[in-house]
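First up is the structure itself, then whatever we jot down about it.
In my numbering, the protein residues as written are 12 to 98.
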């Protein structure tokens, strides 16, 4: 059960990342300037909102989910002992 919840949380984060990526880097193809501007602003606002939700969810889940905790621990270990060939 715990693995299923962790996988669902990761899938939610990835889905929100894909949503934010598409709306942030999507290009509008409208001829009317007013419509183009409104869609541009709405798309970018949705992308920024999705990034905000991703950050909030990750901050919350990284304290309770074992897979996120392991990922944070692995990243901390790499930062403490970096690969000398990559410096």
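Think of the CB as a built atom: it goes at the ideal place given N, C-alpha and C, for glycine as much as any other residue.
Residue i, DSSP secondary structure in three states
| i | result |
| --- | --- |
| residue 88 | helix |
| residue 59 | helix |
| residue 40 | coil |
| residue 73 | coil |
| residue 93 | coil |
Beta carbon proximity, residue i to chain C, threshold 8 Å
| i | result |
| --- | --- |
| residue 57 | The question asks about chain C, but that chain is absent: this structure has only one protein chain. |
Residue i to residue j span [Cα, whole Å]
| i | j | result |
| --- | --- | --- |
| residue 56 | residue 40 | 18 Å |
| residue 85 | residue 15 | 21 Å |
| residue 97 | residue 45 | 49 Å |
Residues near residue i by beta carbon distance below 7 Å, same chain, minus five either side
| i | result |
| --- | --- |
| residue 64 | 27 |
Residue i and residue j closer than 8 Å at C-beta
| i | j | result |
| --- | --- | --- |
| residue 30 | residue 61 | yes |
| residue 77 | residue 13 | yes |
| residue 24 | residue 68 | yes |
Same chain, Cβ closer than 6 Å to residue i, neighbours up to 5 away in sequence not counted
| i | result |
| --- | --- |
| residue 72 | 20 and 79 |
| residue 32 | none |
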